[in-house]
Amino acid sequence: MVRAIELEDGDLLEKWSTLSLELANTTSQILGSKSHKSDDWYDENNQALTEAIAKHRAVLRLHQVKQVEEHTYLIM
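Quick note on numbering: the sequence shown equals residues 82 to 157 in the numbering used here.
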């Protein structure tokens, strides 16, 4: 458990380090450690993101085609 720290004596950085370590240890004991670590946050949402990107690209293509058609019409 977290102990009381006297701030009057010693190096403040050392005291902070001790407090930080005690908090981390206590938190780990109470909450436990994370069971699954994923470097890729999008793994679980990959399908939804893929669909959203595909829709965005389709709308972008339609917009680009429309701009080309309008530009061609103005040139004629």
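For each residue, glycine too, the CB sits at the ideal point set by N, CA and C.
Three-state secondary structure (DSSP) at residue i?
i: Met115; result: As written in the sequence, residue 115 is Lys, which differs from the Met given in the question. The answer is coil: DSSP assigns Lys115 none of H, G, I, E or B.
i: Asp158; result: Outside the displayed range of the chain (82 to 157) lies residue 158, so it cannot be described from this structure.
i: Arg84; result: coil
Where residue i and residue j are concerned, what is the direct C-alpha to C-alpha distance, given to the nearest angstrom?
i: Glu151; j: Val140; result: 17 Å
i: Glu125; j: Thr131; result: 12 Å
i: Ala105; j: Arg84; result: 13 Å
i: Ser114; j: Thr107; result: 11 Å
i: Val148; j: Asn127; result: The identity of residue 148 in the sequence shown is Gln, whereas the question assumes Val. The straight-line gap from Cα to Cα measures roughly 31 Å.
i: Leu143; j: Ala129; result: 21 Å
i: Ser101; j: Ala135; result: 46 Å
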